[in-house]
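Visitor:
Numbering (the working numbering), first residue to last: 16 to 350.
Listed below in structure tokens is the structure:
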């Protein structure tokens, strides 16, 4: 009964809803990958941060108003009991070196996020390729085990007929039966491995159904220099070094002077002397404002040092990554 069940499974075609090739696998993986979608959101966030940084060099406009009710026993005769005031102000930065560096940091971060996205896309494609080729390999193994099972099935039928006719010893019949049972077990194991690999592929691609993968297994070839030069992980670290250098410059500019211009228009009610009548006064003022921190207790120097340390750490990571890639590629080429 067991043999009949297995043989019927062999004859039964696999029925699924979606046929897939390696190219389709890579396209679906790139489209559905959660990490890529999250990376897109990181890019949007940094773009918003750039807008925020640039807002520091845009004019700042404000309007304020107030109403105060005074206790008559508290004020003098020239202060209105009901006091009103309103003010409209405009401020414009003329020079702020730290703001300019902040914008550069934000723009470098945007480039970093774009490079990170490309690295994530490459990782997703590599994983999709590996899962696809694993399924394809198990599919080919299952085919081999299927052919092997068919052979031992025919052998068993032949030996069984000879044994029933009294032309072969029981030992030969038992050996043929054992060989068939072993072939059945091998096929079932290969089929289970294939089905597990298909489930892994479906989970990664985030689709419900796929048919057996299509394609020919080929040994991948690597160009050592091209792969190291274009490695996306290295590009990420390179951009991290660039961002770290921008952070150093940003921290250095912390104590640079900043110059702003301002213009205000305001109005308020007053008590006119000596008539004691209430009048409204209005007018404007304009000017320049200079802010320059001469000494901050070495806080700036400490922040600059920390930024330089972060940059050095990225440079060390970059060199380590190069050695790791060279070692991996050498091992791959040696296989």
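Ideal Cβ positions, reconstructed from N, Cα and C, are used throughout, including at glycine.
All values derive from a computational prediction rather than experimental measurement.
#1: Go ahead and pull the three-state DSSP assignment for residue 178.
#2: Check the DSSP bridge columns for residue 84 and list the partner residues they point to.
#3: Using the rule of at least 16 other Cβ atoms within 10 Å of the residue's Cβ for burial, across every protein chain shown, is residue 160 buried or exposed?
#4: Just confirm the distance between the C-beta atoms of residue 304 and residue 111, as a whole number of angstroms; I'd bet it's less than 8 Å.
#5: With 16 other CB atoms within 10 Å as the buried threshold, where does residue 238 fall?
#6: Does the Cβ-Cβ distance between residue 51 and residue 135 come in under 7 Å?
#7: Can you name, in chain order, every residue of its own chain whose Cβ lies under 6 Å from the Cβ of residue 78, other than the five neighbours on each side?
#8: Starting from residue 275, follow its DSSP beta bridges and name the residues at the other end.
#9: Would you mind sorting residue 308 into buried or exposed? The rule is 16 or more other CB atoms within 10 Å of its CB.
#10: Tell me the rounded alpha-carbon separation between residue 45 and residue 139.
#11: Is it buried or exposed, residue 313, if we count other Cβ atoms within 10 angstroms and call 16 or more buried?
#12: Between the Cα of residue 187 and those of 173, 291 and 199, spot the shortest distance and give me the residue it belongs to.
#13: Would you tell me roughly how many angstroms separate the C-alpha atoms of residue 59 and residue 310, rounded to the nearest one?
#14: So, are the CB atoms of residue 323 and residue 258 less than 7 Å apart?
#15: Based on the DSSP output, what are the partners of residue 79 in its beta bridges?
#16: Pull up the distance between the alpha-carbon of residue 63 and that of residue 215, whole angstroms please.
#17: Closer than 6 Å by C-beta to residue 32: which residues in its own chain qualify, once you throw out the five before and the five after it? Chain order, please.
#18: Is the stretch 81 to 91 close to the stretch 119 to 127, with three or more CB pairs under 8 Å?
#19: Does the distance from the C-beta atom of residue 48 to that of residue 118 stay below 7 Å?
#20: Rounded to whole angstroms, what's the CA-CA distance from residue 283 to residue 101? Just pull it up for me.
#21: Return helix, strand or coil for residue 318, following the three-state DSSP convention.
#22: Where does residue 254 fall in DSSP's three states?
#23: Excluding the 5 residues flanking residue 236 on each side, which residues of the same chain have their C-beta closer than 7 Å to its C-beta?
#24: Report yes if the C-beta distance between residue 36 and residue 230 is below 7 Å; otherwise report no.
#25: Just to confirm before moving on: does the CB-CB distance between residue 326 and residue 269 stay below 7 Å?
#26: Whole angstroms is fine: what's the gap from residue 150's alpha carbon to residue 162's?
#27: In the stretch 129 to 153, which residue ranges form an unbroken alpha helix (DSSP H) of at least 4 residues, counting only runs that do not cross its ends?
Guide: Judging by the given coordinates:
#1: Along the chain shown, read from residue 1 onward, the residue named residue 178 stands at position 163. Residue 178 carries a helical assignment under DSSP once its states are collapsed to helix, strand and coil.
#2: Indexing the chain shown from 1 puts residue 84 at position 69. Residue 84 pairs with 97.
#3: The sequence position of residue 160 within the chain shown is 145, counting from 1. By the neighbour-count criterion, in which a residue is buried when 16 or more other Cβ atoms sit within 10 angstroms of its Cβ, residue 160 is buried.
#4: Along the chain shown, read from residue 1 onward, the residue named residue 304 stands at position 289. Along the chain shown, read from residue 1 onward, the residue named residue 111 stands at position 96. No, residue 304 and residue 111 are not in contact; Cβ-Cβ is about 11 Å, not under 8 Å.
#5: Here residue 238 refers to the residue found at position 223 of the chain shown. At residue 238 the pLDDT is 49, less than 50, meaning the model places this residue with poor confidence; the figure from the coordinates comes in the next sentence. So residue 238 ends up on the exposed side.
#6: Here residue 51 corresponds to residue number 36 of the chain shown, with the count starting at 1. Here residue 135 corresponds to residue number 120 of the chain shown, with the count starting at 1. Closer than 7 Å, so yes.
#7: Within the chain shown, the letter at position 63 stands for residue 78. Contacts found: 103.
#8: By 1-based counting over the chain shown, the position of residue 275 is 260. According to DSSP, residue 275 bridges with 108 and 304.
#9: Here residue 308 refers to the residue found at position 293 when the chain shown is read from its first residue. Taking all protein chains in view, the Cβ of residue 308 is surrounded by fewer than 16 other Cβ atoms within 10 Å, so the residue is classified as exposed.
#10: Position 30 of the chain shown holds residue 45. Position 124 of the chain shown holds residue 139. A direct Cα-Cα distance of roughly 7 Å separates residue 45 from residue 139.
#11: In the chain shown, the residue the question calls residue 313 occupies position 298. With fewer than 16 other Cβ atoms from the protein chains shown falling within 10 Å of its own Cβ, residue 313 counts as exposed.
#12: Here residue 187 refers to the residue found at position 172 when the chain shown is read from its first residue. Checked all of 173, 291 and 199; the closest Cα to residue 187 is 173.
#13: Here residue 59 corresponds to residue number 44 of the chain shown, with the count starting at 1. Here residue 310 corresponds to residue number 295 of the chain shown, with the count starting at 1. In this structure, the alpha-carbon of residue 59 lies about 38 Å from that of residue 310.
#14: As a working note, residue 323 is residue 308 in the chain shown. As a working note, residue 258 is residue 243 in the chain shown. Their beta carbons are not under 7 Å apart, which means residue 323 does not touch residue 258 by this criterion.
#15: Taking the first residue of the chain shown as 1, we reach residue 79 at position 64. Bridge partners of residue 79: 102.
#16: As a first step, residue 63 is located in the chain shown; it is residue number 48 there, counting from the start. As a first step, residue 215 is located in the chain shown; it is residue number 200 there, counting from the start. Approximately 37 Å, taken between the alpha carbons.
#17: As a position in the chain shown, residue 32 is number 17, starting the count at 1. Residue placement at residue 32 is flagged as unreliable, the pLDDT there being 44, under the threshold of 50; the coordinate-derived value follows with that caveat. Contacts found: 224.
#18: Cβ pair count under 8 Å is below three, so no.
#19: Looking up residue 48 in the chain shown gives position 33. Looking up residue 118 in the chain shown gives position 103. No; because the gap between Cβ atoms is not below 7 Å, this pair is not in contact.
#20: Counting from 1 along the chain shown, the entry for residue 283 is found at position 268. Counting from 1 along the chain shown, the entry for residue 101 is found at position 86. When rounded, the distance between both Cα atoms is 6 Å.
#21: Against the chain shown, residue 318 aligns to sequence position 303. Residue 318: helix per DSSP, three-state reduction.
#22: As a working note, residue 254 is residue 239 in the chain shown. Here residue 254 carries a helix assignment [DSSP, helix/strand/coil].
#23: Position 221 of the chain shown, counted from the first residue, corresponds to residue 236. Here residue 236 scores only 42 on pLDDT, less than 50, and its place in the model should not be relied on; the value that follows carries that caveat. So the list is empty, once near-sequence residues are dropped.
#24: One-based indexing of the chain shown puts residue 36 at position 21. One-based indexing of the chain shown puts residue 230 at position 215. Judged by beta-carbon spacing, residue 230 lies within the 7 Å limit of residue 36, meaning their Cβ atoms are closer than that value.
#25: Here residue 326 refers to the residue found at position 311 of the chain shown. Here residue 269 refers to the residue found at position 254 of the chain shown. Between residue 326 and residue 269, the gap from beta carbon to beta carbon reaches 7 Å or more.
#26: For this step, residue 150 is matched to residue 135 along the chain shown. For this step, residue 162 is matched to residue 147 along the chain shown. Their backbone Cα atoms lie some 18 Å apart in a straight line.
#27: For the stretch 129 to 153, not a single whole alpha helix (DSSP H) run of length 4 or above is found.
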